[in-house]
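Enquirer:
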Amino acid sequence: MCETLCLFFKLKGIFVSSAADSCRPNSRLFITDLVTRYKFLVDSGAEVCCYPKKLTNFSVKQNLELYAANGSRISTYGTIKLELDFGLRRSFIWSFLVADVSDPIIGADFLERFELLIDIRNRRILDGRTSLFVKGMLKRTKSLGLTLVANNSPFNSILLKYPKLFSTNLDPKKNKRTVTHCIETKSRPVHARARRLNPEKLTFFKQEFNDLMR
Numbered sequence: 001m002c003e004t005l006c007l008f009f010k011l012k013g014i015f016v017s018s019a020a021d022s023c024r025p026n027s028r029l030f031i032t033d034l035v036t037r038y039k040f041l042v043d044s045g046a047e048v049c050c051y052p053k054k055l056t057n058f059s060v061k062q063n064l065e066l067y068a069a070n071g072s073r074i075s076t077y078g079t080i081k082l083e084l085d086f087g088l089r090r091s092f093i094w095s096f097l098v099a100d101v102s103d104p105i106i107g108a109d110f111l112e113r114f115e116l117l118i119d120i121r122n123r124r125i126l127d128g129r130t131s132l133f134v135k136g137m138l139k140r141t142k143s144l145g146l147t148l149v150a151n152n153s154p155f156n157s158i159l160l161k162y163p164k165l166f167s168t169n170l171d172p173k174k175n176k177r178t179v180t181h182c183i184e185t186k187s188r189p190v191h192a193r194a195r196r197l198n199p200e201k202l203t204f205f206k207q208e209f210n211d212l213m214r
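And the structure:
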């Protein structure tokens, strides 16, 4: 028998509660990308989004490792930028960590950035911006609870103590932080005349900037 689960998200100052009275243990929500037809596990317990190594040609291990809730380490192989379409009348461009995971994972960083809400009871994802929703499917699988810092790390307590300082929200209007860093100078700052960027680099950085502004 499954106990009632309540999941709370704070988006735009509004708390949204989703109760999963009828879910079975280890039942997780999956939604389908209409472009690739891959099913993505929606896991609010994962700090970051991950993409299976087996679906790419990535092979070189990176220094960065992820940590599962049970303490095991998961290797990563770089990042891949994806443009996803879940049928919500807008595309989602996001960088995923390529890792040794079995399913593509939508993590808390993605949900917060695009203001998406999980509704387990009705097996759907709600768009907090447009009020549209997309139906998903429940599948019995384990939540890895992926994190960038191990639970037994001395830095983990710092992250928990100051969550706002390490928020994945990239919108400066929503990151109201009081901490500032200043460098005092006694003279005029060093300057140089701006130079034109290489056309290829200029195109790349314009695309990166546009992605951040979405």
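At position 88 of the sequence shown the residue is numbered 88 (full-length UniProt numbering), and the sequence of numbers has no breaks. Here a beta-carbon is modelled for each residue, glycine too, at the ideal position from N, C-alpha and C.
1) What would DSSP say about Ala-192, mapped onto helix, strand or coil?
2) Asp-48: which of Val-179, Leu-111, Gln-62, Lys-139 sits nearest, CA to CA?
3) If you check the beta carbons only, do Lys-39 and Lys-139 fall under 9 angstroms apart?
4) Do Arg-90 and Asp-33 count as a contact pair if the criterion is CB distance below 9 angstroms?
5) What did DSSP end up calling Phe-155 once you bin it into helix, strand or coil?
6) Use the C-beta contact count for Val-35: other C-beta atoms within 10 angstroms, 16 or more gives buried, fewer gives exposed.
7) If we count the other Cβ atoms within 10 Å of its Cβ and call it buried at 16 or more, is Phe-205 buried or exposed?
8) How big is the Cα-Cα spacing for Arg-193 and Cys-50?
9) Taking all protein chains shown into account, decide if Val-101 is buried (16 or more other Cβ within 10 angstroms of its Cβ) or exposed.
10) Please name the residue or residues paired with Ser-95 in a DSSP beta bridge.
11) Quick check: the Cα distance between Ser-59 and Tyr-77, rounded to an integer number of angstroms?
12) At least one CB of chain E closer than 9 angstroms to the CB of Ser-95: is that the case?
13) Locate the beta strand (DSSP E) running through Leu-66, then write down its first and last residues.
14) His-191 to Pro-199, Cα distance in whole Å?
15) Applying the criterion that 16 or more other CB atoms from any shown protein chain within 10 Å of the CB defines a buried residue, is Pro-104 buried or exposed?
16) If you drop the 5 nearest sequence neighbours on each side, which residues of the same chain put their C-beta closer than 7 angstroms to that of Leu-132?
17) How close, in whole Å, do the beta carbons of Ser-44 and Ala-99 come, if the pair is a contact with beta carbons under 8 angstroms?
18) State yes or no: is the C-beta of Thr-141 within less than 9 angstroms of the C-beta of Leu-41?
19) Do you know how far the Cα of Arg-196 is from the Cα of residue 216?
20) Which residues does DSSP list as the beta-bridge partners of Met-137?
21) Does the separation of the CB atoms of Leu-144 and Ile-74 fall below 9 angstroms?
22) From Ile-31, Ala-68, Asp-211, pick the residue whose C-alpha is nearest to that of Asp-119; which is it?
Expert: According to the data block:
1) Taking the first residue of the sequence shown as position 1, residue 192 is located at position 192. It is coil, neither helix nor strand.
2) Here residue 48 refers to the residue found at position 48 of the sequence shown. According to the sequence as given, residue 48 is Val; it is not Asp. The shortest C-alpha separation from Val-48 is found at Leu-111.
3) Residue mapping note: residue 39 aligns to position 39 of the sequence shown, counting from 1. Residue mapping note: residue 139 aligns to position 139 of the sequence shown, counting from 1. Taking 9 angstroms as the Cβ cut-off, Lys-39 and Lys-139 qualify as a contacting pair.
4) On the sequence shown, position 33 is the one that residue 33 refers to. On the sequence shown, position 90 is the one that residue 90 refers to. Contact: no.
5) On the sequence shown, residue 155 is found 155 positions in, with the first residue counted as 1. Phe-155: coil per DSSP, three-state reduction.
6) Here the question's residue 35 lines up with position 35 in the sequence shown. Classification for Val-35: exposed.
7) As a working note, residue 205 is residue 205 in the sequence shown. It is exposed - the Cβ of Phe-205 has fewer than 16 other Cβ atoms within 10 Å.
8) The residue labelled residue 193 in the question sits at position 193 within the sequence shown. The residue labelled residue 50 in the question sits at position 50 within the sequence shown. Computed Cα separation, rounded: 41 angstroms.
9) Your numbering for residue 101 matches position 101 in the sequence shown. It counts as buried.
10) Along the sequence shown, one-based indexing puts residue 95 at 95. Looking at the DSSP assignment, Ser-95 forms a beta bridge with Lys-81.
11) Your numbering for residue 59 matches position 59 in the sequence shown. Your numbering for residue 77 matches position 77 in the sequence shown. Going by the C-alpha atoms only, they are around 6 angstroms apart.
12) In summary, chain E is missing from the structure at hand, where a single protein chain is found.
13) Working through the sequence shown from its first residue, we reach residue 66 at position 66. 65 to 67 is the extent of the beta strand (DSSP E) around Leu-66.
14) Taking the sequence shown and counting its residues from 1, one reaches residue 191 at position 191. Taking the sequence shown and counting its residues from 1, one reaches residue 199 at position 199. Approximately 23 angstroms, taken between the alpha carbons.
15) If you number the sequence shown from 1, residue 104 lands on position 104. Label assigned to Pro-104: buried.
16) Locating residue 132 in the sequence shown gives position 132, counting from the first residue. Closer than 7 angstroms at Cβ, skipping near neighbours: Leu-88, Arg-89.
17) Counted from its first residue, the sequence shown places residue 44 at position 44. Counted from its first residue, the sequence shown places residue 99 at position 99. So it is not a contact: roughly 18 angstroms between Cβ atoms.
18) Within the sequence shown, residue 141 is the residue found at index 141, counting from 1. Within the sequence shown, residue 41 is the residue found at index 41, counting from 1. Yes, these two residues count as a Cβ contact at 9 angstroms.
19) Only positions 1 to 214 of the chain appear in this structure, which leaves residue 216 out of reach.
20) Position 137 of the sequence shown, counting from 1, holds the residue named residue 137. Met-137 pairs with Phe-30.
21) Along the sequence shown, one-based indexing puts residue 144 at 144. Along the sequence shown, one-based indexing puts residue 74 at 74. Contact flag set, yes.
22) By 1-based counting over the sequence shown, the position of residue 119 is 119. Ranking the options by Cα distance to Asp-119, first place goes to Ile-31.
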